[in-house]
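J.: A single structure is presented below for examination.
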Amino acid sequence: AEVALPADIDITGYGIHPALLDAAMHPLAAAFYHTDNGTDPATPRLPFAFAGVTLHAIEATRLHVQLTSTGADTFKLHATDPTGAPVITINTLTLRAQPNTDSLQPAAGVSRQDLFELAWPTLSADVFPAAQVLPAWALISEQPQLSPAGLGEGLVYSDVAAVDSWPALVVWDLASPQPSGDHPDPLPRVHVLTRCVLAGLQSWLTDADPVTAHLVILTRHGVSISPDDQAPDLAHAAVRALIHTAQNEHPGRISAIDIDTTTTTEHTLIKVLAALANPARRLDTEPQLALRDGVVHAPRLTPAQLPAGPHTESAPVALDPEGTVLITGGTGMLGGVFAEHLITHYGVRHLVLLSRSGSNASGADDLYQRLTQLDAQVSIAACDASDPAQLAAVLAAIPTQHRLTAVVHTAGVLDDAVISELTTEQLDAVLTAKADAAWQLHRLTADADLDAFVVFSSAAGVLGAPGQANYAAANAFLDALAHQRHRNGLPATSLAWGYWQTASAMTAHLDAVDQARFTRNNLTPITTEHGLALFDAALTCQQPNLVPAPLNTRALARQARHGAVPTILTGLTTTRRQASTTTTTDTLTTQLAGQTPQQQLATLTSLVTTTTATVLAHPDPTALDPDTPFKDLGMDSLSALELRNTLTRHTGLPLPATLAFDHPTPPTIAQHLASLLT
């Protein structure tokens, strides 16, 4: 097809004008009237996700467009100018059916920048060309016979503890003969595997060379990338989230690849490993990948589709007013908020609120009075939902005339620590409160014919929140469990919330430094009103996994301009990196090259002090005494990692995680940087 812009359109400043790109995709509408791919030609399809985009030239006004079908809902787009020179290539252009907007009204207070889902678009095969020479690597696997072909041709270790000297590339294959979802009780395996991976990561981060060594961890079906993919393995889902946090705490050192067992995937895996073995190529390789039938996929957070349907003020899910709703964490901040919402908006009249302290919990009496004044019958029970005997007793006490019709699991605990300091006790405690309780709720209500089964997960599991590896793992388990239930025809919604504005028992300890970190990580606080609207919209979507986490679009755009957006969020901003002839590292090196030693030290001290002020949410960097030790400024292990990672981006130096402890003030770090840079 030939497309062109009108002569009066100003193209100045555009890589490619949006109107021209939109026109280039118009032939896709006609394509569905001439295909046998099983799609309904009467259902419009719109571009949903792009992958493998290359802009070869800018400010084009006329294009020759070639669209090639690569799947049921995917195309490749290649456009050239009138001379035949390439202008833009989109290796994978994914379409999605357009909702019926004739009767669709957005949920009140909910926008496309509030409610998300995780998609897994394909990456171009050109990203991983065939290796000329296969690199050497070591394999860690308890069952190497289950590992993909070709992985065990070099050194093979049975476990991490057996490695006496870490080579440059290590492939740790978490092989499993049986998916945890098929086991009557997957919890022991979840706890054992997450402990094992935690210990292995701690050993590798301590002993392996931080410059040359790279760790690749293989999981199997830890994620489900499409409706046709199998449901996720619960243990591998938890492990992947734990690894994701480790990746964010130690950028560039760890890769996570989720695989299936096909021969084509084995061949692709070798090409991916060859790229990761090359330090130069490694920088361009995404930290998280999934291989299915030899095709490479990468995670992208995308706006969720708000469902079609008549606009109504009624509840999105019908709950029997004579039925009982059970809420874990029922006396907590979120439990109380949603208990009241279920009464006022869903017509619920019978509630069982669980907490470990029961009616002795802080605020329980006031909550009881507030809910009963709304004409609801409320029971507050002391129960550890992770204990099957205690939970079974509570369920047995629910009267048959008010049978259990819905479960809302809000309970959880926080016990934060960076990956290098996280203990197995902290890991188990957080997993137990969140994951074990969810599994017991699932198991003990399997025959209850529920109308709704809602678990409150966290964006920490989706985004890999630094300092929360245990919490990320626990919540990823919830997401995977919801996916399994959905596949088995059971009601399930896992909501991976961002952070709430109102403090709770879990978040009361958060201070200004934590709030500033959330902002830098693109999250904005959720108000109670907004959270309730997101809850209603999510239940209307009827999808197993959703992420209600309003984003800080300004922070996202600012990161994009500097090329610093986490890859999982790159699909959520149209802002592109500002063109520059030099990198930040080159600019700093050039600046230092023209300075005297005293000036160099002053420049580096200013850099460290400014970065410290940002990390610690200090309002005025100039008021920060550079000679004050970091510990006296309130810096903890997580802040120290953030300081290290930021200085690494500025200097290009492979700085140790202990930087702020080895050099405890801004001037001493500056002196250390000067010795390495000059």
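For the sequence shown, the working numbering gives the first residue as 1148, with consecutive numbering after it.
We treat Cβ as the ideally placed atom computed from N, Cα and C, and that holds for glycine.
Source: prediction; values computed, not measured.
Please report the residue range of the beta strand (DSSP E) in which N1692 lies.
T.: N1692 to P1695
J.: Which residue wins for smallest C-alpha separation from E1413, given the options N1425, P1713, V1442 and D1431?
T.: Looking from the CA of E1413, the closest CA among N1425, P1713, V1442 and D1431 belongs to V1442.
J.: List the residues that DSSP assigns as beta-bridge partners of F1222.
T.: Partner(s): S1216 and L1240.
J.: Find out if the Cβ-Cβ distance for the pair Q1349, G1611 is shorter than 8 Å.
T.: no
J.: Alpha carbon to alpha carbon, what distance is there between V1755 and L1298?
T.: 43 Å
J.: I1156: buried (16+ other C-beta within 10 angstroms of its C-beta) or exposed?
T.: exposed
J.: Please state the DSSP three-state secondary structure of T1471.
T.: strand
J.: Indicate whether A1402 and T1432 have their beta-carbon atoms separated by less than 8 Å.
T.: Sequence inspection shows Ser at residue 1402; the Ala mentioned does not correspond to that position. Yes, the pair counts as a contact, with Cβ atoms nearer than the cut-off.
J.: Below 6 Å CB to CB, which residues in the same chain sit around S1822 once its five sequence neighbours on both sides are set aside?
T.: none
J.: What is the DSSP secondary structure of P1291, counted as helix, strand or coil?
T.: If DSSP states are grouped into helix, strand and coil, P1291 belongs with the helices.
J.: Might you give, ordered along the chain, the residues of its own chain that have their beta carbon closer than 6 Å to the beta carbon of A1204, omitting 5 neighbours on each side?
T.: V1234
J.: Cβ atoms of L1270 and A1148: under 8 Å apart, would you say?
T.: no
J.: Would D1273 pass as a contact of R1243 if the rule is Cβ separation under 8 Å?
T.: no
J.: Taking the continuous alpha helix (DSSP H) assigned at W1647, which residues delimit it?
T.: Taken as a continuous stretch (DSSP letters only), W1647 belongs to no alpha helix (DSSP H), as it is neither H nor E.
J.: L1790 and T1758: beta carbons closer than 8 Å?
T.: yes
J.: For I1474, tell me which candidate among Q1520, L1551 and R1428 has the shortest Cα-Cα distance.
T.: L1551
J.: What's the gap between the Cα of A1620 and the Cα of A1627?
T.: Computed Cα separation, rounded: 11 Å.
J.: Classify E1572 as helix, strand or coil using the three-state DSSP reduction.
T.: helix
J.: Assuming A1451 contacts F1263 (C-beta within less than 8 Å), just tell me the rounded distance between them.
T.: 6 Å
J.: Taking contact to mean at least 3 C-beta pairs separated by less than 8 Å, is the stretch 1640-1651 in contact with the stretch 1688-1704?
T.: yes
J.: Give me the Cβ distance between I1390 and I1364, rounded to the nearest whole Å; I'm assuming they're in contact under 8 Å.
T.: 6 Å
J.: Between which two residues does the alpha helix (DSSP H) holding T1353 run?
T.: Element bounds for T1353: L1334 to D1354.
J.: Take the Cβ of Q1516 as the centre, count every other Cβ of all protein chains shown within 10 Å, and call the residue buried at 16 or more, exposed below.
T.: exposed
J.: Starting from P1450, follow the beta strand (DSSP E) in both directions and report where the run begins and ends.
T.: R1447 to P1450
J.: Alpha carbons only, please: which of R1400, A1599, L1561 and E1572 is nearest the one belonging to D1354?
T.: R1400
J.: With distances taken from CA atoms, which of T1761, S1786 and S1753 is nearest D1774?
T.: The residue with the shortest Cα to Cα distance from D1774 is S1753.
J.: With respect to the beta strand (DSSP E) encompassing L1500, which residues constitute its N-terminal and C-terminal limits?
T.: According to the DSSP assignment, L1500 belongs to the beta strand (DSSP E) that extends over H1497 to S1502.
J.: For H1853, which beta-bridge partners are listed by DSSP?
T.: Within the shown structure, residues of the chain are numbered from 1148 to 1825, placing residue 1853 beyond reach of any answer.
J.: Would you tell me roughly how many angstroms separate the C-alpha atoms of F1808 and A1553, rounded to the nearest one?
T.: 50 Å
J.: Report the CB separation of Q1587 from L1518 in whole angstroms; it is logged as a contact under 8 Å.
T.: Contact flag wrong, Cβ pair sits at about 25 Å.
J.: Any beta carbon of chain E sitting closer than 8 Å to that of L1168?
T.: The displayed structure is made up of one protein chain only, and chain E is not part of it.
J.: The beta strand (DSSP E) that contains L1262, what's its start and end?
T.: Bounds of the beta strand (DSSP E) holding L1262 are L1262 to A1266.
J.: According to DSSP, is P1165 part of a helix, a strand, or is it coil?
T.: Note: P1165 maps to helix in three-state DSSP.
J.: From the DSSP output, which residues share a beta bridge with V1125?
T.: Given a span of 1148 to 1825 for the chain in the structure shown, any question on residue 1125 remains unanswerable.
J.: With a cut-off of 8 Å, do at least 3 Cβ pairs link the stretch 1568-1585 to the stretch 1313-1323?
T.: no
J.: Of all the beta strand (DSSP E) runs that stay within the bounds of the stretch 1386-1436, which reach a length of 3 or more residues?
T.: 1401-1406
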